[in-house]
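The next block holds one structure in the form of structure tokens; read it before the comments.
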Amino acid sequence: MGSQPEWIQGMSVHEDVLHIEPQTREQQVLHFAAQGLTDKEIAHKLGISRETVLTYWRRIRLRHGSASRTEVVAKALSLRAAEKITEVEDHNQVLLYEIAERKRMEQLLIQASSRLRTLMDNLNSGVLFEDQDGRVAFINQGFCEMFGLPFRPKEYVGQEHRNLIQRAKKALKDGNLFADRLVEMQDSDIPVYGELFEMQDGRQLVMDYLPIDPASIFKGHLWLCREASNSQPLLLRSVTSSSLGEGLMEAATHLLSNPDFESGVHQALASLGTHFHADRCYLSLCGPNGEECQSVQWCGPGVVPKESCVPHHGKSHRAWWLNHLLRHDSVCVESLDTMPGDADAERQVLVESNVKSLALFPMVHDGEFLGYLGLETVGHERHWEPTVLEVSGQASRLFAAAAASRRPLKVVGRTA
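Using the working numbering, you'd call the opening residue of the sequence shown number 2 and step up by one each time.
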């Protein structure tokens, strides 16, 4: 750029302002004037006559309320400088927001990873989580014991998933079938529930597989293994495990992937209630002596939510089931007529809520009673199958671990 004329020298204007690309003819005239060009040179640059340039100057002076050419250019340059400063400030704000959002997501990932360990460590099952790169992201002690793996879980984290499966398959009667079937499940990218395998020692292994939604915090593949109950016929175990395993796996996924804990709990309850064929499913948090704290409940279609999962009539109105729960025992009621005489208060509460059958499972974490998980049927009595009770107990431990890491909850009631 050539030397500036005296009338523009000494202006406090940053060099970058002089190089902002002009948009209109008037801005172009000011732009070239600020660079020291005469009207004749400006006309040549723009391919217009000098008289047209003078016309633009008259319009510019009227707009800026200045008679002096120097004042007009100074004002125009000041405005352009202010615009550039604002643009830079806006850009900096965007960068600051992006940095803050990245830090927030990193913190969420750390918290979610902690919840993953806490939740899965407290499941009475073998758990294996493979990340999207095919490496072991998490494995619990139950999985190691189930497959006879010699090292502690943390020793396997970071290893390739396929190498771990090659070690684990030695515990199966047909290890190659087991390894090949796991590859098929993963390639299909479709949830699989109740897959049965036979162990070397004759035990029956039930495996569930769930691909983790790419939209969630975690991405990868989740495997849940448990020993089939010998008290149930094989066919019944196979059929029942599918729906129950699906409900439990979905509940775990909701608790892991939903950043809003209350919403995650409700979605998890909805999965359990739907797959376990309950009309109401709720989570009640209690103090160490059973005093009511908070609750979340899910209700099936057409079922009215209760005002509270735990009655407000005082501890004496729930002493029977509360005493069982505080001893870490489950409560199973298939018919109100079978409830003992010392449960009259509870029976009355259930009658008022139109509850016909009830199953309660204590939520215990590190030996501490935190509350309970409840399943209810409304309008009809329900036989609680042993497999339902078994998997519901696992679900209560899952919720207990979640509640221990993310308290407190608000009292809410929602329908399907």
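Built from N, CA and C at the ideal position, the CB exists for glycine as well. Given the structure is predicted, the values throughout are model-derived calculations rather than measurements.
Look at the beta carbons and you see the region 130-141 not touching the region 204-212: under three pairs across the two are nearer than 8 angstroms. The Cβ atoms of L270 and W299 lie closer than 8 angstroms to each other. Inter-segment contact for the region 93-105 and the region 186-195 is absent: fewer than three beta-carbon pairs are separated by less than 8 angstroms. In the three-state scheme derived from DSSP, where H, G and I count as helix and E and B as strand, Q167 is classed as helix. The Cβ atoms of V158 and V128 do not sit closer than 8 angstroms to each other. Taking the C-beta atoms as reference points, A229 is found nearer than 8 angstroms to V207. Fewer than three pairs of CB atoms, one per stretch, sit closer than 8 angstroms, so the region 338-353 makes no contact with the region 367-375. DSSP lists no beta-bridge partner residue for P192. Nearest to Q28 by C-alpha distance, out of R51, H45, V73, is V73.
In the DSSP assignment, Q205 is bridged to E199. Listed in chain order, the non-local C-beta contacts of V30 below 8 angstroms within the same chain comprise I43, L47, V54, Y57, W58, I61, local neighbours out to five positions each way being set aside.
When only Cα atoms are considered, T71 and A101 end up about 45 angstroms apart. Per DSSP, the beta-bridge partners of C282 are W299, L376. Per the DSSP secondary-structure output, F362 pairs in a beta bridge with L374. Bridge partners of Y210 according to DSSP: V193, W224. As a beta-bridge residue in DSSP terms, F130 pairs with F139, L223.
Cα atoms of T39 and H32: separation of roughly 12 angstroms, rounded to the nearest angstrom. Rounded to the nearest angstrom, the Cβ distance from A396 to L223 is 15 angstroms, too far for a contact under 8 angstroms. Annotation: the continuous alpha helix (DSSP H) that includes V30 extends over 26-35.
Judged by DSSP in its simplified three-state form, V304 adopts coil rather than helix or strand. Here N290 is exposed: its Cβ has fewer than 16 other Cβ atoms, across all protein chains shown, within 10 Å. Collapsing the DSSP output to three states places L38 in coil.
With fewer than 16 other Cβ atoms from the protein chains shown falling within 10 Å of its own Cβ, R153 counts as exposed.
A distance below 8 angstroms between beta-carbons, with the five flanking residues on each side excluded, links D330 to the following residues of its chain, in chain order: P363.
In this chain, the beta strand (DSSP E) harbouring V332 covers 332-334.
For F144 against C226, the beta-carbon gap comes to about 6 angstroms, under 8 angstroms, which counts as contact. By the beta-carbon neighbour count (other beta carbons within 10 angstroms, threshold 16), G221 is buried. Assignment of V54 by DSSP, reduced to helix, strand and coil, places it in the helix class.
Boundaries of the alpha helix (DSSP H) around L273: 262-276.
DSSP lists V379 as the bridge partner or partners of V356. About 5 angstroms separates the Cβ atoms of W385 and A360, confirming a contact at the 8 angstroms cut-off. Taking 8 angstroms as the cut-off, the Cβ atoms of G265 and H276 do not count as close. In chain order, L284, M364, L374 place their CB closer than 7 angstroms to the CB of F400, counting only its own chain and leaving out the 5 sequence neighbours on each side. For A320, the enclosing alpha helix (DSSP H) begins and ends at 320-327.
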